[in-house]
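Asker: The structure that follows is given in the form of C-alpha cells.
Residue numbers (the working numbering): 6 to 363.
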C-alpha cells in the first residue's frame with residue numbers, strides 16, 4: 006500500500022512525488038511493479054501496461070517547467086504533437102493528486118499537485134536503437150520508417166519562413182555550437198571546432214540558393230524535432246515518439262534534415278548501410294529529390310549540435326569524472342567533419358558538371 010503520507014500544510018517536493026510514484030499502490034491500473042527512470046527533464050514510471058511521464062520543475066534556455074500551469078500546458082502539447090506520429094501510444098494527461106489522507110496517487114479525487122502524460126508501453130526490443138545494436142535492422146525496416154515519415158511530412162503545412170530567415174536560423178545554430186564547443190570545459194580542440202564551423206558557414210553562404218529552393222519547395226515544416234533511433238519503434242504500425250514539445254522553433258526543420266539526422270544517429274551506432282538505405286527509401290517514398298550535398302550539410306550541422314549537447318553534460322562534476330561524454334562529443338565532431346567533406350565534394354562535383362555542360 007501507499008504509506009507516503011504528506012503532513013498537512015507541508016509543501017510537496019519533487020522527491021515526495023517520485024517516492025510515492027515508485028509504489029504500485031499509487032497507480033490506477035493495478036500494476037504489480039513500477040520501474041522509475043530519470044532523465045534531465047522528467048521522471049518516467051513504467052508500470053505493467055503504461056509509461057507515465059512526470060515533468061521536472063526545471064528551467065533551461067528553451068523551456069520553463071517551473072509552474073504547475075506550465076507543466077500542464079506542456080503535457081497537453083506533448084500528447085497533441087506526438088499523436089501525429091504515435092496516435093495509439095499517447096493516451097491522455099492524468100492529474101497527480103494528494104488525497105484527504107495526505108497520500109499521493111495518479112488520478113482520482115484530491116488536490117491536483119502535478120500532471121502526468123500516460124502512454125502505452127512499447128516493446129523495448131523493437132526500438133530502433135536496440136534493433137540496430139543486435140544487427141537485426143533490415144531494408145524493409147528502413148522502407149517502413151521512411152514511408153511513415155513521408156506520409157507525415159506530406160500532410161504538414163509548410164512553415165511560414167523565408168529563405169533568408171531559414172538560412173539565418175541555420176547560421177545561428179552553427180554559431181551557438183561554435184561558442185559552446187570552443188570553451189575549455191568541452192574538452193575539444195578549439196581550432197578544429199572553429200575551422201569546421203567556418204566551413205559550414207561558408208557552405209551556407211556559397212550555396213544559399215539550394216537552401217532557398219528547399220523553402221520554396223515547401224520542405225521546411227513543423228516536424229518532430231528530435232528524430233533519434235531510440236524514439237522509433239518498428240512495431241505495426243511504426244510508432245515515433247518523444248517529439249520536442251517545448252519549443253516550436255526547434256521543430257521547424259527541412260524534412261530532409263530530420264531524416265538525415267536519424268540516418269546520422271544510425272551511422273553513429275555502427276549501421277552506415279542502414280543509414281544510407283533510410284535516406285534512399287525516404288527519397289523514393291516522398292518523391293523528394295533532395296541532393297546529397299544538402300543531406301550531408303544538415304548531418305554535419307546536426308553532428309555539431311549533438312557534440313554541443315554531449316559536452317553540456319560536462320558541467321556536472323560527476324560526468325567530468327568519466328570520459329564518456331567528452332568522447333561522445335569528439336565522435337560527433339569527427340562525424341561532422343566527415344559529412345562536411347562529403348558535402349563539399351558533392352557540391353564541387355555538381356559545379357564541375359554544370360560548367361562542363363551537356
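Note that beta-carbon positions come from the ideal geometry of N, C-alpha and C, so glycine has one too.
Less than 8 angstroms separating the beta-carbons of residue 208 and residue 348?
Answerer: Position 203 of the chain shown, counted from the first residue, corresponds to residue 208. Position 343 of the chain shown, counted from the first residue, corresponds to residue 348. Cβ atoms of residue 208 and residue 348: closer than 8 angstroms.
Asker: Here's the rule: buried if 16 or more other CB atoms are within 10 angstroms of the residue's CB, otherwise exposed. What is residue 228?
Answerer: Mapped onto the chain shown, residue 228 falls at position 223. Buried.
Asker: Closest to residue 252 by CA distance: which of 28, 48, 39 and 66 is it?
Answerer: Position 247 of the chain shown, counting from 1, holds the residue named residue 252. When each option's Cα is compared against that of residue 252, the closest is 66.
Asker: How would you write the range of the alpha helix (DSSP H) that residue 56 sits in, first residue to last?
Answerer: By 1-based counting over the chain shown, the position of residue 56 is 51. Per DSSP, residue 56 belongs to no alpha helix (DSSP H); it is in the beta strand (DSSP E), 55-60.
Asker: With distances taken from CA atoms, which of 119, 224 and 54 is nearest residue 71?
Answerer: In the chain shown, the residue the question calls residue 71 occupies position 66. Ranking 119, 224 and 54 by Cα distance to residue 71 puts 119 first.
Asker: What is the DSSP secondary structure of residue 10, counted as helix, strand or coil?
Answerer: Position 5 of the chain shown, counted from the start, is the residue given in the question as residue 10. Three-state DSSP puts residue 10 in a strand.
Asker: Starting from residue 120 and walking both ways along the beta strand (DSSP E), at which residues does that stretch end?
Answerer: In the chain shown, the residue the question calls residue 120 occupies position 115. Start and end: 116-125.
Asker: Starting from the Cα of residue 335, find the closest Cα among 310, 346, 240 and 326 and give me that residue.
Answerer: Taking the first residue of the chain shown as position 1, residue 335 is located at position 330. When only C-alpha atoms are compared, the closest one is 310.
Asker: What residue from 176, 84 and 190 has the CA that sits closest to residue 321's CA?
Answerer: Working through the chain shown from its first residue, we reach residue 321 at position 316. With distances taken between Cα atoms, residue 321 lies closest to 190.
Asker: Pull the bridge partners of residue 3 from the DSSP assignment, please.
Answerer: Any answer about residue 3 is impossible in this case: the structure gives the chain only from 6 up to 363.
Asker: May I have the straight-line CA-CA distance separating residue 123 from residue 355, to the nearest angstrom?
Answerer: The residue given as residue 123 occupies position 118 in the chain shown. The residue given as residue 355 occupies position 350 in the chain shown. So the two alpha carbons sit approximately 50 angstroms from each other.
Asker: Which two residues bound the contiguous alpha helix (DSSP H) that contains residue 109?
Answerer: Locating residue 109 in the chain shown gives position 104, counting from the first residue. First-last for residue 109: 109-111, but that is the beta strand (DSSP E), not the alpha helix (DSSP H).
Asker: Residue range of the alpha helix (DSSP H) that residue 205 falls in?
Answerer: As a working mapping, residue 205 is identified with position 200 in the chain shown. Where residue 205 is concerned, the enclosing alpha helix (DSSP H) stretches over 195-211.
Asker: What residues in its chain sit with their C-beta under 6 angstroms from that of residue 351, if we drop five residues either side in the sequence?
Answerer: Counted from its first residue, the chain shown places residue 351 at position 346. Closer than 6 angstroms at Cβ, skipping near neighbours: 297 and 298.
Asker: Assign residue 230 to buried or exposed, taking buried as 16 or more other Cβ atoms, counted over all protein chains shown, within 10 Å of its Cβ.
Answerer: One-based indexing of the chain shown puts residue 230 at position 225. Around the beta-carbon of residue 230, 16 or more other beta-carbon atoms lie within 10 Å, marking it buried.
Asker: Which whole-angstrom value describes the C-beta separation of residue 96 and residue 31, a residue pair presumed to lie in contact below a C-beta threshold of 8 angstroms?
Answerer: Position 91 of the chain shown, counting from 1, holds the residue named residue 96. Position 26 of the chain shown, counting from 1, holds the residue named residue 31. Incorrect: roughly 18 angstroms between the Cβ atoms, too far for contact.
Asker: If I follow the unbroken alpha helix (DSSP H) through residue 263, where does it start and stop?
Answerer: Mapped onto the chain shown, residue 263 falls at position 258. Counting along the chain, the alpha helix (DSSP H) containing residue 263 begins and ends at 260-273.
Asker: Does the segment 239-258 come within contact of the segment 270-286, defined as at least 3 CB pairs closer than 8 angstroms?
Answerer: Too few Cβ pairs lie closer than 8 angstroms, so no.
Asker: For residue 347, does the three-state DSSP call read helix, strand or coil?
Answerer: For the purposes of this step, residue 347 is identified with residue 342 of the chain shown, where counting begins at 1. Residue 347 falls in the helix class under three-state DSSP.
Asker: Measure how close the beta-carbons of residue 303 and residue 247 come, nearest whole angstrom, since I'm counting them as under 8 angstroms.
Answerer: Position 298 of the chain shown holds residue 303. Position 242 of the chain shown holds residue 247. The pair is not a contact, with the Cβ atoms about 20 angstroms apart (cut-off 8 angstroms).
Asker: What three-state label does DSSP hand residue 100 in the structure shown?
Answerer: Residue mapping note: residue 100 aligns to position 95 of the chain shown, counting from 1. Looking at residue 100 - three-state DSSP - the assignment turns out to be strand.
Asker: Just checking my contact of residue 132 with residue 238 at CB under 8 angstroms: how many whole Å lie between their CB atoms?
Answerer: Sequence index remark: in the chain shown, residue 132 carries index 127 (1-based). Sequence index remark: in the chain shown, residue 238 carries index 233 (1-based). Right, the Cβ-Cβ distance comes to about 6 angstroms (below 8 angstroms), so this counts as a contact.
Asker: For residue 156, count the other beta carbons within 10 Å of its own beta carbon; 16 or more makes it buried, fewer makes it exposed. Which is it?
Answerer: As a first step, residue 156 must be located in the chain shown, where it is residue number 151. Exposed is the call here.
Asker: Classify residue 220 as helix, strand or coil using the three-state DSSP reduction.
Answerer: The sequence position of residue 220 within the chain shown is 215, counting from 1. If DSSP states are grouped into helix, strand and coil, residue 220 belongs with the helices.
Asker: Quick check: the Cα distance between residue 19 and residue 61, rounded to an integer number of angstroms?
Answerer: Indexing the chain shown from 1 puts residue 19 at position 14. Indexing the chain shown from 1 puts residue 61 at position 56. Distance between the alpha carbons of residue 19 and residue 61: 7 angstroms.
Asker: I'd like the list of long-range same chain contacts for residue 151, defined as Cβ closer than 7 angstroms, with 5 residues on each side in sequence excluded.
Answerer: Walking along the chain shown from the start, residue 151 turns up at place 146. By the criterion of a C-beta distance shorter than 7 angstroms, residue 151 is surrounded in its chain by 283, 286, 287 and 290, once the five residues flanking it on both sides are discounted.
Asker: Between residue 12 and the rest of its own chain, which residues show a CB-CB distance below 7 angstroms, the 5 nearest in sequence each way excluded?
Answerer: Within the chain shown, the letter at position 7 stands for residue 12. Around residue 12: 107.
Asker: Name the residue from 114, 94 and 81 whose alpha carbon lies nearest to the alpha carbon of residue 103.
Answerer: As a working note, residue 103 is residue 98 in the chain shown. Selected option, being the one with the closest Cα: 114.
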